[in-house]
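The listed protein sequences derive, respectively, from chains L and Z.
Heads up: the first sequence at position 361 corresponds to 361 in our numbering, and the numbers run straight through without jumps.
If you want our numbering, it's the 1-based position in the second sequence plus 1000.
Since the structure comes first, as structure tokens, the remarks are kept for the end.
There are 2 protein chains.
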Amino acid sequence: MLKPSHRGEEMPSSPIRKLVPFAEEAKKRGTKVHHLNIGQPDIETPPSVLDAVRNAEVKILAYSHSAGNASYRNKLVKYYEKAGIELNADQMIITTGGSEAIVFGMMTCLDAGDEIIIPEPFYANYNGFAVMSGIKIVPVTSRIENGFALPPISDLEKCITPKTKAILICNPNNPTGYLYSKSEMLQLEDICLKYNLFLFSDEAYREFCYDGVFTSAMQLDRIQEQVILMDTISKRYSACGARIGAFITKNKAVYDAAMKFAQARLSPPGLAQILGEAAVDLPDEYFNAPKAAYLSRRNLLVKRLNSMPGVFCPTPGGAFYVIARLPIDDGDRFCQWLLESFSFNNQTVMMAPASGFYETRGLGKNEVRLAYVINNEEIDQAMDCLQEALKVYPGKTN
Amino acid sequence: MLKPSHRGEEMPSSPIRKLVPFAEEAKKRGTKVHHLNIGQPDIETPPSVLDAVRNAEVKILAYSHSAGNASYRNKLVKYYEKAGIELNADQMIITTGGSEAIVFGMMTCLDAGDEIIIPEPFYANYNGFAVMSGIKIVPVTSRIENGFALPPISDLEKCITPKTKAILICNPNNPTGYLYSKSEMLQLEDICLKYNLFLFSDEAYREFCYDGVFTSAMQLDRIQEQVILMDTISKRYSACGARIGAFITKNKAVYDAAMKFAQARLSPPGLAQILGEAAVDLPDEYFNAPKAAYLSRRNLLVKRLNSMPGVFCPTPGGAFYVIARLPIDDGDRFCQWLLESFSFNNQTVMMAPASGFYETRGLGKNEVRLAYVINNEEIDQAMDCLQEALKVYPGKTN
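Laid out in structure tokens, this is it:
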């Protein structure tokens, strides 16, 4: 039988999805599974943006401009203006989710064999996009003791080789929830300037900042032509399934090159562009309710976690994730055990082992990522489960 | 200023889109431009499939399964069954357009540096996907004198090296409209069997066959695990902007590898999957009207072209394209001149120079591709323009 390519073999599986069969088994046994494992918000997609699709007058669902509809990009100019980011419509390419924006960035700015520095733990799918692009991810470790702050800039500097082309950050961060400070952003600007590197900034969670002030990479004045902004409406408007994102750059040569990748795949999804455009028209107050919900959940979740013996969870400033250190031998084993062998009040909890977010082997072994995309009542129930589980888990370490 | 990667520089521009600025200028001057240049059908998207999206009860537009909704894949099993192709739902991955299916195929089955043989002229975006995948396209020339039939199998055989991993066909063909015969498909089966190659089959135009019988690569019994079927609903239901396609294989190892690429980008567009699923429910008679329209247009277009002195256009069996040989020095120059310097009754015609579809330099210089995606009246007007243009074009060769 013909085999897949080495690239196909090398392509990593999703560390989040590998527990799915165990969750399905648990559900079959009648156990309620609290899903803290994936970043699929439970917040409703705003009805008005779905209505915009319903009411759109479409006779022929034709290819759009490869950069996305001009009307949408023009509206996005205003969205970014409100967010303190000055852009014009010809600096954006509407993409199929944030995923495609990341692929466009890697493909357009790096050649096969080039290196990109990413603070770990990081969003696991960056690995897959790096395999697709043939580039090498060089991790710099951020530490739970520091709340996953930017590692010392000297650590980043040590990783720079002649093959280094870019630094990638996710801000606020998935999986840590960390919100980079202005001062950290300025340090990143310095190092990108000094070594002439691209700064890739994945700002999927921009609207969900609870403490401190968000600084976009696009606001770094001295590296305006070195920044690639990767964006998505998935979390912002709870529209993950739409698959609409944006690749943004003020570097004309990079933009022109990225447009060739965009033209090859013809156009981003048409119906979802209508939704995205309508979302820009939502009133500013739209974000108040989801933000308040996430903030309240974060506070509850962090409090519950830190009240358990041996558990440590820093309080992150944004997104809707936390990483917690648990008194356990191995997060993969523990998360599987929770689904396979444990229940409390006929309930259990599904979390993502943090090891899958670290590039360096062995790190994150006693950490898990939790996404607070369930309501407070469910969070309480899930934490009751976790608390009981930690009392009886055979691989408990203290 | 930081520059794009070599890959970004090397990425080809769309040969079809480069004339767009000249067309825009012509329109500004008040000239009507007949668009025979791109494969964007003028046929309406079936209202019922758009209604399915309008009436869908969506509260949270969530990520779907990375392979696409199971309900959609199950329905597609029935669609393919009617088309004489036996599949199950776990052999399909719903993709973002046919484009993504092609990328998945190249990435999953070939490594960087590997070779794929493609009969030329071929769909120009294969070049872009090959650059993304780092693979090398090896062209085998099909000739207008033979109506762009499959080149002699000995020509393909001569191109095979230890790096050859696959042969790619588009059937019926874009840009030639050629429909491969059963006998040609069996020859392809033989050679793939003999050299243990993948057969990639882009069947975007499956439903539009006018003469002869369509044979899917999936019907080749002896290479069931070597075939990768790349499909799309773009042309089938005149829904190019939906961005829904499919990657299909019976090779379990290849499927599993492709699923990792699918998981990295999370899911295909959600709203458009609803549309795609509804399209499978259209009555069998749905295709009668568009097929009849395309057939009538093809007959008119080919007749008009062949009635012009020095013009030769074979009659293709499928899709909605023809390639014509014109008595001209250079198709690129001619097509630009038509937009820049010519009009007849205040009209002109936009076509795609065929050179962009050939990999071998210098081939197709006096050929153009025409897409019959405008009605007969407009085709007549466009051909009136072309006929007059050929009388006065300064680069006329006979």
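Built from N, CA and C at the ideal position, the CB exists for glycine as well.
Since the structure is predicted, the reported quantities are computational estimates derived from the model, not experimental observations.
- For the options L/D190, L/G147, L/K136, the alpha carbon positioned closest to that of L/E157 is the one of L/D190.
- Beta-bridge annotation (DSSP): Z/M1092 is paired with Z/I1248.
- Your pair L/L168 and L/F214 does not check out as a contact, with CB atoms roughly 18 angstroms apart and the cut at 8 angstroms.
- Distances from the alpha-carbon of L/A293 to those of L/H34, L/A101, L/L76, L/P41 put L/P41 closest.
- Z/Y1393 sits in coil when the DSSP states are folded into three classes, being neither helix nor strand.
- Among the residues facing chain Z, L/D111 is included, as its CB has a counterpart in that chain under 8 angstroms away.
- Of all C-beta pairs linking the stretch 1305-1324 of chain Z to the stretch 386-396 of chain L, fewer than three are shorter than 8 angstroms, placing the two stretches out of contact.
- For Z/S1183, the enclosing alpha helix (DSSP H) starts and ends at 1182-1195.
- For a Cβ distance threshold of 7 angstroms, residue set L2 of chain L lies close to Z/N1196, ordered along the chain.
- Residue pairing by DSSP places L/P119 opposite L/V140 in a beta bridge.
- Three or more Cβ pairs closer than 8 angstroms define a contact, and the stretch 117-124 of chain L meets that threshold against the stretch 162-182 of chain L.
- Taking a Cβ-Cβ cut-off of 8 angstroms, the neighbours of L/L61 in chain Z comprise T1045, L1050, S1238, A1239, C1240, G1241, A1242, L1275, given in sequence order.
- Between L/M132 and Z/M1107, the C-beta gap is smaller than 8 angstroms, which places the two residues in contact.
- Contacts with chain Z at 8 angstroms (Cβ-Cβ) do not include L/E189.
- Interface flag for Z/R1007 against chain L is set, since a Cβ pair is found closer than 8 angstroms.
- If you draw a straight line from the Cα of L/L110 to the Cα of L/G98, it is about 18 angstroms long.
- At least one beta carbon of chain L lies nearer than 8 angstroms to the beta carbon of Z/N1125.
- Under a 10 Å Cβ-count criterion, Z/Y1195 is classified as exposed, with fewer than 16 other Cβ atoms of the shown protein chains found around its own Cβ.
- Just measuring C-alpha positions, the residue of Z/G1113, Z/E1340, Z/C1385 sitting nearest Z/T1161 is Z/G1113.
- The DSSP assignment places complete beta strand (DSSP E) segments of no fewer than 3 residues inside the stretch 1312-1358 of chain Z at 1321-1325, 1347-1350, in order along the chain.
- Secondary structure of Z/E1024 (DSSP, three-state): helix.
- The beta-bridge partner set that DSSP reports for L/H34 consists of L/V349.
- Taking a cut-off of 8 angstroms for Cβ pairs, the stretch 1317-1331 of chain Z and the stretch 1083-1101 of chain Z do not touch, as fewer than three such pairs fall below it.
- Closest option to Z/M1218, judged by alpha-carbon separation, among Z/V1227, Z/Y1210, Z/G1212, Z/D1211: Z/V1227.
- Between the stretch 1308-1321 of chain Z and the stretch 1355-1365 of chain Z, the count of Cβ pairs shorter than 8 angstroms is below three; the stretches do not touch.
- DSSP places L/M106 in the helix class (H, G or I) of the three-state scheme.
- The distance from the Cβ of L/T348 to that of L/V33 is about 6 angstroms, consistent with a contact at the 8 angstroms cut-off.
- In this model, Z/E1115 and L/T232 are separated by some 35 angstroms (Cα to Cα).
- For Z/C1240, the CB contacts under 7 angstroms within the same chain, skipping 5 residues up- and downstream, are Q1040, S1234 in chain order.
- For L/S296, the secondary structure class from DSSP, reduced to helix, strand or coil, is helix.
- Taken through DSSP and simplified to helix, strand or coil, L/L386 comes out as helix.
- One thing to note: L/E207 has its Cβ within 8 angstroms of the Cβ of L/R236.
- Residue-level contact check: Z/L1266 touches chain L, since one or more beta carbons of chain L fall below 8 angstroms from its beta carbon.
- Assigned with DSSP and collapsed to three states, Z/E1277 falls in helix.
- Spanning the alpha carbons of L/T31 and L/A352 requires a straight line of approximately 18 angstroms.
- Buried is the label assigned to L/D202, since at least 16 other Cβ atoms lie within 10 Å of its Cβ.
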